[in-house]
Structure formats: structure tokens, C-alpha cells
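See below for the structure under consideration.
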Amino acid sequence: MMISHDREKMIQAIIFFASRTRKLGKTKLCKLLYFLDFEHFKQTGRSVTGLRYNAWPMGPVPVSLYNEISEPPEEITAAVSIEEKETKNGQMLAIRPKVGFSSRLFSRRELSILEALAREYRDSTADEMVEATHLENQPWHQVYEIEGKKQAEIPYELAVRKDEKDSVMRVARERNELIKSLSNEPGFGIL
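Dropping the structure here:
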């Protein structure tokens, strides 16, 4: 089965977090992916996984992945196990790696962000992750609390400080133009 580059990176990020953090369930995973994508966008003008996040009451949620986790497709079940687990607060989904993490798809910057997030949130609970995404002046807070757009998509541009937005977005545009021009070159992508 052929899967996209972004999707493959998303699956590898899930494996990474399943390997490097404790108490990884659906909520914690969604928040870690959000932090990964929005921090990378803040630095480069592009996300890592290509996921889109919506402002739900409990924080940012990549709705497509959130829905998939209930009945995961083969490419996810081949990478991680997702099982119901009893906790003191009730049921949770426990996500554990089935295979090792492969860093080959990631840039040094992406790997650095992955490592930093795993260190910072290694032992965090789902509730602590929700709280971390609700901080003032952060993208979820802007969309959900200030603009009152419940369930709305959270624009990646909100990750970038206003005074840096033009330069970050210019770099992202230039990168996209370079990739587009290279993809039009004869022989590009042929091994």
C-alpha cells in the first residue's frame, strides 16, 4: 500500500512518542502531535505531519487521526498497538510501539523538536497535556476562547509571532516554490 510522505512521518512520530513517553493515550498523542506541528511551523512555516487541528473543548485535535484511532487502518496497526486499559480515572486507550522508530524521514530540526517534546512531556498525563494547550496567547486559546470559534480549524499561522510572520511565511513560500520548480525538472525524483 502506498502512503504519502506526510502520513508516513505522522506514523513515525506516533511510534516515536509511543517509544519515548509514558501514559500515551489518544489525548496525549493528539497534543504531542499538535506541539510538534505548530512548533515546527513557528520555526519554518510548514508542519511536520500535514495534519489539520480543530479547537475542541479539551484542546487542539487532529480530527482525522482522532477518528481513525477508534478503528485504525492497517498502516497504523502495523506500527503501534492501541488497546483499552483500565486506569484509576476509567478507561483509556494505551498506545504502544510494535516496531522501532525510523528517523530517516525527519530533518535535524524535526528530530530536535521530537526529542524536546518527549523529554518535556515524558511523564505528563492527558489532563496535564490539555492544560498545556490551553495557555493564553497560544493558537487554541486564540481560536476557541478569544474568537469563540468552537470546533473551528486552528490556522497554523497563529503559531508565528506577528512580528515574525512575514519573514517565516516568505521563507515557506520560497521553499514551496523551490520544491515546485525542482519537481518540474526532468529526472527529478528518479533514482
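Each residue of the sequence shown is one higher than the last, beginning at 1 in full-length UniProt numbering.
Using N, Cα and C, we set each Cβ at its ideal position, and we do this for glycine too.
Reference residue i; option with closest CA among the options
i: LEU117; options: ASP37, ILE146, THR77; result: ASP37
i: ARG46; options: THR87, GLY90, GLY25, TYR156; result: TYR156
i: ARG161; options: ARG20, THR77, THR44, LYS26; result: THR44
i: TYR121; options: PHE35, SER4, ILE11, ILE3; result: PHE35
i: ALA159; options: LYS150, TRP140, ARG119, GLU86; result: TRP140
i: PRO97; options: PHE17, HIS5, SER4, ILE3; result: PHE17
i: ARG52; options: PRO73, CYS30, ILE69, GLU110; result: CYS30
i: VAL143; options: PRO57, SER107, PRO72, ARG109; result: PRO57
i: VAL80; options: GLU174, HIS5, SER19, ARG173; result: SER19
i: ASP123; options: ALA13, HIS5, THR21; result: THR21
Residue i (DSSP reduced to helix, strand or coil)
i: residue 193; result: Nothing can be reported for residue 193, as the shown portion of the chain is limited to 1 through 191.
i: MET129; result: helix
i: THR87; result: strand
i: PRO97; result: strand
i: ASN137; result: coil
i: GLU153; result: strand
i: VAL160; result: coil
i: VAL80; result: strand
i: VAL48; result: coil
i: PHE188; result: Legend: pLDDT at PHE188 = 48, less than 50; position of this residue unreliable, value from coordinates given subsequently. Three-state result, PHE188: coil.
Nearest-angstrom Cα separation, counted from residue j out to residue i
i: GLU62; j: LEU135; result: Strictly speaking, residue 62 in this sequence is Pro, with Glu absent from that position. Going from the Cα of PRO62 to the Cα of LEU135 covers about 18 Å.
i: VAL130; j: GLU147; result: 19 Å
i: LYS180; j: ARG7; result: 20 Å
i: LEU182; j: GLY50; result: 21 Å
i: GLU128; j: LEU178; result: 40 Å
i: LYS150; j: GLY59; result: 10 Å
i: VAL99; j: THR27; result: 21 Å
i: LEU111; j: GLY90; result: 34 Å
i: GLN138; j: LEU33; result: 15 Å
i: LEU191; j: VAL48; result: Reliability fails at LEU191, whose pLDDT of 38 lies under 50, so the model's placement of it is uncertain and the value that follows must be treated cautiously. Cα to Cα, LEU191 sits roughly 24 Å from VAL48.
i: GLY25; j: MET92; result: 6 Å
i: ALA152; j: GLU145; result: 11 Å
i: GLU174; j: TYR66; result: 32 Å
i: residue 192; j: SER107; result: Residue 192 cannot be examined here, being either before or after the span of the chain that is shown, 1 to 191.
i: ALA78; j: ARG109; result: 27 Å
Short Cβ contact (8 Å threshold) for residue i with residue j
i: PHE101; j: ILE154; result: no
i: LEU105; j: LYS42; result: no
i: THR125; j: LYS23; result: yes
i: LYS85; j: ALA94; result: yes
i: GLU39; j: ILE113; result: yes
i: ILE3; j: ILE76; result: no
i: PHE82; j: PRO72; result: The question names Phe, but residue 82 is Ile in the sequence shown. It is a contact, given that the beta carbons lie within the stated cut-off.
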